[in-house]
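Okay, so here's the structure we're looking at.
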Amino acid sequence: MTEGGARSAPWQTCTIAEIVQQTSTIKSFFLRLSEPFAYIAGQHVDVRLTAPDGYVAMRSYSIASAPSSANVIELAIERLADGEVSPFFHDIAAVGDEIELRGPLGGHFLWPERSTAPVLLIGAGSGVVPLMAMIRQRRALPQTVPTALLVSSRTHRDVLFADELFSLEMTDRTFKLALAITRETPSRVGDFARRIDSAMVTELIARLHHMPGHVFVCGSNPFVNIAADGALMAGLDASVVKTERYGG
Ligand SMILES: Cc1cc2nc3c(=O)[nH]c(=O)nc-3n(C[C@H](O)[C@H](O)[C@H](O)COP(=O)(O)OP(=O)(O)OC[C@H]3O[C@@H](n4cnc5c(N)ncnc54)[C@H](O)[C@@H]3O)c2cc1C
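Be aware that the sequence shown starts at 13, since it is given in my numbering, and climbs by one per residue.
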């Protein structure tokens with residue numbers, strides 16, 4: 013799918029079916045689509061809010077749910093205190109509200125569903141969202157392609173989808189999870205007590221037992237720069253590293 017083709021996706025109205033507080037700053041919004049669409053894990057949607065005076069605000073949000081989850085998609089939105097759209101979702105939006113949305117969008121940050129090459133996923137904060145969709149798609153297919161997820165987080169409580177990730181790590185020996193906890197002591201053996209660096213990426217590659225054929229990095233601009241540099245310094249080729257930047 014091309015970005016240009018995806019941009020022609022029509023606007024539709026969806027209904028907020030459920031809201032779940034995931035961390036202190038991130039809530040999941042389960043949206044019932046009026047026009048269900050097929051998508052690949054890693055893609056996003058555009059959301060459009062229109063004020064009574066006609067003012068329009070539009071933002072992109074990655075889809076967190078696996079494509080197999082039919083006509084309800086999950087978005088996980090981080091509340092930025094000085095933001096415009098994310099505080100609306102956190103403080104005002106309610107179950108039953110209607111939201112304008114178009115998608116799927118994005119043609120480069122896609123789960124490589126036909127590849128058997130090992131995958132390394134690196135994310136921070138809400139940047140875990142498209143990576144979670146990939147992990148969920150991998151599990152739903154099902155696939156056993158060796159996959160590692162490295163999550164950077166200030167504290168354990170800030171790790172998005174932590175319970176689901178811990179549970180998958182326990183049941184799937186081909187899935188490796190490592191946390192880089194920057195503001196408290198890691199409680200799990202094998203987790204790291206510092207920001208992501210090339211030595212950490214090298215260690216994750218060792219745990220995968222293979223050089224990854226695909227690397228996906230997602231989060232704020234500063235985070236993506238550091239993590240992508242770490243991947244390159246760990247010896248990964250730039251051609252296998254794909255990034256998705258959320259701003260900041
Ligand atoms: C393809 C794509 C997918 C995205 N998916 C998600 C998602 O799944 N969940 C999610 O919460 N956000 C996601 N974003 C970010 C989202 O589109 C908005 O930028 C974000 O919600 C802030 O919007 P706002 O109106 O609240 O703040 P604004 O008023 O637009 O911006 C406030 C400031 O925060 C900066 N900013 C935006 N995002 C971040 C960030 N992650 N970290 C630090 N600073 C930031 C902006 O650059 C700006 O300076 C995605 C962005 C892109 C481009």
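By construction, the Cβ of each residue, glycine as well, lies at the ideal position given by its N, Cα and C atoms.
Problem - Rounded C-alpha distance that separates residue 132 from residue 65 - result: 46 angstroms
Handout entry: Residue(s) in a DSSP beta bridge with residue 41
Key = Per DSSP, the beta bridge partners of residue 41 are 31 and 87.
Practice task
Whole angstroms is fine: what's the gap from residue 166's alpha carbon to residue 190's?
Solution key: In this structure, the alpha-carbon of residue 166 lies about 14 angstroms from that of residue 190.
Problem - Cβ pair residue 113, residue 32 closer than 8 angstroms - result: no
Problem - Closer than 5 angstroms to ligand 1: residues, by C-beta to nearest heavy atom, in chain order - result: Ordered along the chain, the selected set is 56, 71, 72, 73, 74, 89, 90, 92, 95, 96, 97, 98, 138, 141, 232, 258, 259 and 260.
Exercise for the section: Evaluate residue 14 with the Cβ neighbour count: other Cβ atoms within 10 Å of its Cβ, from every protein chain shown; 16 or more gives buried, anything less gives exposed. Expected result: Per-residue confidence for residue 14 stands at a pLDDT of 41, beneath the threshold of 50, marking its modelled position as unreliable; no derived number is given.
Handout entry: Proximity to residue 193 [Cα-Cα], best of 182, 202, 184 and 206
Key = 206
Practice task
Please classify residue 17: is it buried, with 16 or more other beta-carbons within 10 angstroms of its beta-carbon, or exposed?
Solution key: Below a pLDDT of 50, predicted positions are generally treated as unreliable, and residue 17, at 44, falls in that range; the measurement from the model is reported next regardless. Under this definition residue 17 is an exposed residue.
Practice task
Following the continuous alpha helix (DSSP H) through residue 103, name the residue where it begins and the one where it ends.
Solution key: Boundaries of the alpha helix (DSSP H) around residue 103: 97-103.
Handout entry: Straight-line Cα distance separating residue 213 from residue 108
Key = 43 angstroms
Exercise for the section: State buried or exposed for residue 221, treating a residue as buried only when at least 16 other CB atoms are found within 10 Å of its CB. Expected result: exposed
Problem - Inter-residue Cα distance where the pair is residue 119 and residue 159 - result: 21 angstroms
Exercise for the section: Check whether the Cβ atoms of residue 254 and residue 235 lie closer than 8 angstroms to each other. Expected result: No. Outside cutoff.
Problem - CB of residue 140 within 8 angstroms of CB of residue 100, strictly - result: In this structure, residue 100 does not lie closer than 8 angstroms to residue 140 by Cβ.
Handout entry: Residues near residue 115 by beta carbon distance below 6 angstroms, same chain, minus five either side
Key = 21 and 57
Practice task
Ignore the nearest five residues each way along the sequence and tell me which others in residue 145's own chain have a CB closer than 6 angstroms to its CB.
Solution key: 53, 75 and 76
Exercise for the section: Please report the Cβ distance between residue 162 and residue 208, rounded to the nearest whole angstrom; I am assuming they are in contact, meaning their Cβ atoms lie under 8 angstroms. Expected result: 7 angstroms
Handout entry: Environment of residue 239 [buried if 16+ CB atoms lie within 10 Å]
Key = buried
Practice task
Check whether the Cβ of residue 117 lies closer than 8 angstroms to any Cβ atom in chain D.
Solution key: Any reference to chain D falls outside this structure, which holds one protein chain only.
Exercise for the section: Report yes if the CB atom of residue 230 is closer than 8 angstroms to the CB atom of residue 122, and no otherwise. Expected result: no
Problem - C-alpha distance - residue 185 paired with residue 135, whole-angstrom precision - result: Cα to Cα, residue 185 sits roughly 21 angstroms from residue 135.
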